[in-house]
Amino acid sequence: MLVGPKSANAIAVISTRHLANLALIGFMGTGKTTVGRLVAESLHFDFLDTDELIQSSTGRSVAEIFSREGESAFRALEHRVVNELAARGQTVISTGGGLPTNGDNLAALKTHALVICLWASTEQIWERVHLQTHRPLLQGPDPQTKIRELLAERKQFYLQADVLVNTDQRSVREVAQQIIHQFKVATSD
Ligand code: S3P
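For the sequence shown, this note's numbering assigns the number 535 to the last residue and increments by one with no breaks.
In structure tokens, the structure reads:
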């Protein structure tokens with residue numbers, strides 16, 4: 347469990363912030379969307395997913411954007427979407443796995459949301475994603491190595507979340523309960 351001391355520190359830091367929303371960051375396959383929907387339902391919040399927002403505003407799938415315009419075009423769209431989220435309230439925001447690699451995105455989220463990172467081991471991520479085909483970054487010849495490399499590169503960004511929650515060997519419901527607890531603690535006076 348990674349959540350203990352990190353959350354205690356986080357609560358001191360975030361006490362001056364207005365936490366209107368709850369944002370989930372983390373690597374592909376850590377359960378942000380599934381868990382996020384459950385958390386939103388329990389808190390009676392709206393639910394938004396940055397990939398879905400990009401898809402509905404462009405009329406293209408993430409895979410199409412990557413293949414036709416490249417990853418940098420996708421990252422620019424992601425950045426635009428993040429900046430529009432500040433107007434939201436009572437919303438659980440699930441983010442694409444690469445979104446926090448732009449420090450401005452994370453800073454923007456922190457102005458209005460408690461940022462929770464869902465963590466999982468490489469093995470667990472592989473277990474969860476290996477039958478899926480919609481993620482362009484994992485369609486190469488050696489997706490397991492790609493996961494390991496990307497996770498190592500991105501760890502520094504994920505660790506900047508307010509709270510880290512380990513999802514390995516834990517059910518969606520357990521993870522959701524943990525997140526709800528953290529949000530209630532962070533938003534109580
Ligand atoms: C990406 C993660 C995906 C999606 C895109 C790029 C990444 O979202 O944004 O394929 O760079 O990690 P999920 O984390 O929801 O799979």
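Ideal placement from N, C-alpha and C gives every residue a C-beta, glycine not left out.
Residue i beta carbon near the ligand S3P (any heavy atom closer than 7 Å)
i: Pro482; result: yes
i: Lys378; result: yes
i: Val438; result: no
i: Gly449; result: no
i: Gly405; result: no
i: Gly444; result: yes
i: Val385; result: no
i: Val408; result: yes
i: Asp508; result: no
i: Asp514; result: no
i: Asp397; result: yes
Cβ-Cβ distance between residue i and residue j below 8 Å
i: Leu394; j: Thr447; result: no
i: Leu384; j: Val518; result: yes
i: Ile462; j: Ala507; result: yes
i: Arg434; j: Ala366; result: yes
i: Pro487; j: Ala409; result: no
i: Ala466; j: Thr376; result: yes
i: His527; j: His458; result: no
i: Phe373; j: Leu510; result: no
i: Phe391; j: Leu452; result: no
i: Thr441; j: Ala369; result: yes
i: Leu464; j: Val381; result: yes
i: Leu423; j: Thr404; result: yes
i: Leu543; j: Ala532; result: Past the edges of the chain, shown from 347 to 535, lies residue 543, and the structure says nothing about it.
Beta-bridge partners of residue i, as assigned by DSSP
i: Phe393; result: Val438
First and last residue of the uninterrupted beta strand (DSSP E) at residue i
i: Leu370; result: Asn367 to Gly372
i: Leu510; result: Val509 to Asn512
Endpoints, the alpha helix (DSSP H) within which residue i is located
i: Leu497; result: Pro489 to Tyr504
i: His476; result: Premise fails: His476 is in no alpha helix (DSSP H) and is neither H nor E.
i: Gln485; result: No alpha helix (DSSP H) holds Gln485; DSSP gives it neither H nor E.
i: Gln524; result: Val518 to Thr533
8 Å Cβ cutoff, residue i in contact with chain D
i: Asn451; result: The displayed structure is made up of one protein chain only, and chain D is not part of it.
Task: Whole beta strand (DSSP E) elements within the region 409-468, 3-residue minimum - done: 437-440 and 459-465
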